[in-house]
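Beneath this line is the structure, given in structure tokens, with notes to follow.
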Amino acid sequence: MSEAAEAAHAKFQTLIGQESEPGEWIQVTQEMINQFADVTMDHQFIHVDPEAAKNTPFGGTIAHGFLTLS
Numbered sequence: 024m025s026e027a028a029e030a031a032h033a034k035f036q037t038l039i040g041q042e043s044e045p046g047e048w049i050q051v052t053q054e055m056i057n058q059f060a061d062v063t064m065d066h067q068f069i070h071v072d073p074e075a076a077k078n079t080p081f082g083g084t085i086a087h088g089f090l091t092l093s
């Protein structure tokens, strides 16, 4: 394991059993969704094609599940 990974692991070990506060909210943009699609190679139209996604029950594109989780 790299030194950075070991340091991160040690830091996380000290946080076991503690609650963490939620982070700041961010606005997910279509550009962020497109970049996530590129990285994950998930280019389903519901994520990256606003025109086609208009005809779905959502009325537009939706973010990938793992993007919203992150």
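Positions 24 to 93 (our numbering) are the ones given, in order, by the sequence shown.
All C-beta atoms, glycine included, are put in the ideal place defined by N, C-alpha and C.
With a 10 Å radius around its C-beta and 16 neighbouring C-beta atoms as the bar for buried, classify residue i as buried or exposed.
{"i": "residue 49", "result": "exposed"}
{"i": "residue 56", "result": "buried"}
{"i": "residue 87", "result": "buried"}
{"i": "residue 81", "result": "exposed"}
Give the range of the alpha helix (DSSP H) segment to which residue i is assigned.
{"i": "residue 60", "result": "53 to 63"}
{"i": "residue 36", "result": "26 to 36"}
Out of the options, point me to the one whose CA is closest to residue i's CA.
{"i": "residue 69", "options": "55, 93 and 79", "result": "79"}
{"i": "residue 64", "options": "36, 89 and 32", "result": "89"}
{"i": "residue 54", "options": "39, 73 and 36", "result": "73"}
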